[in-house]
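Participant: Encoded as structure tokens, here's the structure I'll be asking about.
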Amino acid sequence: MIYLWLKAGHIIFVIFWMAGLFMLPRYFVYHQEAAPGSAEETIWLDRERKLLKIILNPSVAVVWILGMGLAYAGGAMNQGWFHLKLAVVLALTGYHLYLSAYHRKLQRGERALTGKQLRLFNEVPGIAAAVIVVLAVIKPF
């Protein structure tokens, strides 16, 4: 029964995490379209901070804790599909950290990426999610 509770919790927090990963780059696009130093920019900074602090950061922590518990309880640690899934989740965590760092750059007034680049960033979590789901459900190797 613990396995099913771990699985349910893991899926719930993955959904929260993914939702935040889809939203944050879009927030960055709107932020960068706001005039530097404007009230609108301040609003976007606050929204980005709240999304990171309230949704993204807690969700990624819970995803990792429950995911590793699930892998251990389900005996996935020695399976090839799990190793690739783990690598993709590590990459997605790196993407999350990159977005957090970009938020700090925006706080300092640095706008290093274009709106087009940020719009392309919206594709990263979708591609990663597709790969992760196929690996976890199909277990191809």
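If you read the sequence shown in this note's numbering, its first letter stands for residue 235, the second for the next number, and so on.
Glycine included, every Cβ here is placed at the ideal spot set by N, Cα and C.
#1: Tell me whether Ser272 sits in a helix, a strand or coil according to DSSP, three-state version.
#2: Ordered along the chain, which non-local residues of its own chain (more than five positions away) have a Cβ less than 7 Å from that of Ala310?
#3: How far does the alpha helix (DSSP H) with Met302 in it reach, from first residue to last?
#4: Mapping the DSSP letters down to three states, classify Leu279 as helix, strand or coil.
#5: To the nearest angstrom, report how far apart Gly303 and Gly271 are at their CA atoms.
#6: Taking only the alpha-carbon atoms, compute the straight-line gap between Lys241 and Phe375 and give it to the nearest angstrom.
#7: Measuring CB atoms only, is the segment 365 to 375 touching the segment 265 to 282, in the sense that at least three cross pairs come out at less than 8 Å?
#8: With three or more beta-carbon pairs closer than 8 Å as the criterion, would you say the segment 286 to 303 touches the segment 239 to 254?
#9: What's the C-alpha gap between Ala268 and Ala325?
#10: Spatial neighbours of Val294 within its chain, please: CB distance less than 7 Å, with the 5 preceding and 5 following residues excluded, ordered by chain position.
#11: Given a cut-off of 9 Å on the beta-carbon distance, is the pair Trp298 and Val323 in contact?
#12: So, helix, strand or coil for Met235, using DSSP?
#13: Does Lys319 pass the burial test, meaning 16 or more other C-beta atoms within 10 Å, or should it be called exposed?
Facilitator: Taking the coordinates as given:
#1: Working through the sequence shown from its first residue, we reach residue 272 at position 38. If DSSP states are grouped into helix, strand and coil, Ser272 belongs with coil.
#2: The count along the sequence shown starts at 1 and reaches residue 310 at position 76. Cβ neighbours of Ala310 beyond the five flanking positions: Phe316.
#3: Locating residue 302 in the sequence shown gives position 68, counting from the first residue. Element bounds for Met302: 291 to 307.
#4: Numbered from its first residue, the sequence shown carries residue 279 at position 45. Reduced to three states, the DSSP call for Leu279 is helix.
#5: On the sequence shown, residue 303 is found 69 positions in, with the first residue counted as 1. On the sequence shown, residue 271 is found 37 positions in, with the first residue counted as 1. Distance between the alpha carbons of Gly303 and Gly271 is about 45 Å.
#6: The sequence position of residue 241 within the sequence shown is 7, counting from 1. The sequence position of residue 375 within the sequence shown is 141, counting from 1. If I take the Cα positions, the gap works out to 21 Å.
#7: no
#8: yes
#9: Along the sequence shown, read from residue 1 onward, the residue named residue 268 stands at position 34. Along the sequence shown, read from residue 1 onward, the residue named residue 325 stands at position 91. Roughly 30 Å separates the two Cα atoms.
#10: Here residue 294 is taken as the residue at index 60 of the sequence shown, counted from 1. Hits under 7 Å: Trp251, Thr327, His330.
#11: Sequence index remark: in the sequence shown, residue 298 carries index 64 (1-based). Sequence index remark: in the sequence shown, residue 323 carries index 89 (1-based). It is a contact, given that the beta carbons lie within the stated cut-off.
#12: The sequence position of residue 235 within the sequence shown is 1, counting from 1. Three-state result, Met235: coil.
#13: Residue mapping note: residue 319 aligns to position 85 of the sequence shown, counting from 1. Lys319 comes out buried.
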